[in-house]
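The structure under discussion appears below in the form of structure tokens.
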Amino acid sequence: MDVRSDDLLTVVVAACNEAASLPLLHPRLRAALDRVDGVRTRVLYVDDGSADATWEVLQAIAAADPEVALLRLSRNFGKEAALTAGLDLVEQGAAMILDADGQDPPELIGEFVALWRQGYDDVYGTRIAREGEGWIRRAAAAAFYRLIGRLSRTPVPADTGDYRLLSPRALAALRQLRERHRFMKGLFGWVGFRRIALPYRRQPRLAGRSNFGLWRLWNFALEGITSFSTAPLRIATYLGLASALLAFAGMGVVLAKTLLWGDPVAGWPTMMVVIMFLGGVQLIALGLIGEYLGRLYEEAKQRPLYLVETWQPDAAGVSSPPRFANGGAAHAHGTSAAGRQAG
Ligand code: UDP
Ligand code: MG
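Quick note on this note's numbering: the sequence shown kicks off at 33 and runs consecutively.
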């Protein structure tokens, strides 16, 4: 059986506590894949350390569908690591990333494939509507994209998530990026090649609730900015410079006042204000340096990005061979995997 790499598509779905959504999603995915012709398709579900019945549900799905492969991580590593684990296993053909909760409609896969066929390497879904999201979330998202667009030289298209198709060469390029802080949107942008947006309407969740609260989103935004820009470090320099200038001006005023009128002990409030201001600026700068230092520290540890508990190839066996005899720590191309989560 000769499988050329350009006629195989693997859909990678990361799932964490999606026992209620998956039985609804899979039939839709199956139907959508059956409608794609000229391309052989596989589905690879990655169970990212779910605490509910997700794994059992996935096994039932795989038992009924020979074109489903399963991967279970040893614990919850976060969506980015789960996707990395899945994509690492796609050794042939293109990969399509889809959320397990049905927010990315599988019915559009045919359109993604068509654009891939036209020669695009990174076909990314861009939401034209964010249904079921409050205005705070939308405003925060808009501010985030504006900020990262200014700070970083890597293109990060607005309103674009992980719903996308990657050609074999884009996938191979992505696999070389092994950093622990995986801000996927940035990593996809860094890879480059021929990219095109595919607008779609993001649906509400099929069941359950989002794993990303506002706090996790805030951390995710910090992750994105510090992973793809060192501009904040420079901001610290400017803050320092501005406060030093202010201090000099203040010094002139104080000196002149003392010389002209003398100075009986007054000035306690001014002193407190100055001390607090400088203390604050210094702490901000230290905090910023700390953020980057922390990332350096995590990177230096060189831990694997994820650990695999179970790998179950699809029955047709076209998906990649198991490489996890040693518990998944490292495999073929020295691709160890990524630690912290990042939503
Ligand atoms: N997910 C995951 N690991 C996590 C959190 C989320 O694999 O630690 C998966 C989740 O099952 C879903 C996708 O990532 O398929 C998006 O998560 P969610 O729907 O909670 O986020 P939102 O769509 O609200 O941004
Ligand atoms: Mg979702």
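Where is the CB? At the ideal position from N, CA and C, for every residue including glycine. Predicted, not measured: the structure shown is a model, and the values here were computed from it.
Check: Whole-angstrom C-beta distance between T192 and T158, which should lie under 8 Å; Outcome: 5 Å
Check: Residue span of the beta strand (DSSP E) that contains Y324, given as start and end; Outcome: Unbroken run through Y324 is the alpha helix (DSSP H), W300 to K333; no beta strand (DSSP E).
Check: First through last residue of the alpha helix (DSSP H) which encompasses T262; Outcome: Looking at the DSSP string, T262 is not in any alpha helix (DSSP H), and its letter there is neither H nor E.
Check: Residue range of the alpha helix (DSSP H) that includes L206; Outcome: P200 to R207
Check: The region 42-52 / the region 120-137 touching (three or more Cβ pairs under 8 Å); Outcome: yes
Check: Pocket of ligand 2 defined by Cβ to heavy atom distance under 7 Å; Outcome: D131, D133, Q135, R237 and S242
Check: 8 Å CB neighbourhood of T262 in its chain, flanking five on each side removed; Outcome: Y324
Check: A46: CB within 7 Å of a non-hydrogen atom of ligand 1; Outcome: yes
Check: Closer than 7 Å: D84 CB and nearest ligand 3 heavy atom; Outcome: Absence of ligand 3 is noted for the structure shown, with ligand 1 and ligand 2 being the only ligands found.
Check: Within 8 Å, strictly: CB atoms of D194 and L115; Outcome: yes
Check: G118 (DSSP reduced to helix, strand or coil); Outcome: helix
Check: Through-space distance from R67 to N108, alpha-carbon basis; Outcome: 33 Å
Check: For A158, the residue or residues it bridges with in DSSP; Outcome: Note that residue 158 corresponds to Thr in the displayed sequence, not to Ala. T158 pairs with T192 and P231.
Check: First and last residue of the uninterrupted beta strand (DSSP E) at E341; Outcome: V340 to Q344
Check: N- and C-terminal bounds of the beta strand (DSSP E) containing T86; Outcome: No beta strand (DSSP E) holds T86; the alpha helix (DSSP H) holding it covers T86 to A96.
Check: contact_flag[the region 225-245, the region 177-185] where n(CB pairs < 8 Å) is 3 or more; Outcome: no
Check: Proximity to Q334 [Cα-Cα], best of R210, G299, L310 and D154; Outcome: R210
Check: R74 vs A101 beta-carbon contact at 8 Å; Outcome: yes
Check: C-alpha distance - P137 paired with P264, whole-angstrom precision; Outcome: 37 Å
Check: Residues near A94 by beta carbon distance below 7 Å, same chain, minus five either side; Outcome: V100, L102 and Q344
Check: Proximal residues to A347 (C-beta, below 7 Å), its chain only, five neighbours per side dropped; Outcome: P98
Check: Buried or exposed by the 16-neighbour rule on C-beta atoms within 10 Å, applied to S17; Outcome: Missing from the structure shown is residue 17; the chain here goes from 33 to 375 and no further.
Check: R210 in three-state terms, based on DSSP; Outcome: coil
Check: Which of helix, strand or coil DSSP assigns to A378; Outcome: The displayed coordinates of the chain run from 33 to 375. Any statement about residue 378 would go beyond what the structure contains.
Check: For R72, the residue or residues it bridges with in DSSP; Outcome: L40
Check: Residue interval of the alpha helix (DSSP H) (run including A52); Outcome: It is not in any alpha helix (DSSP H) - A52 carries neither H nor E in the DSSP assignment.
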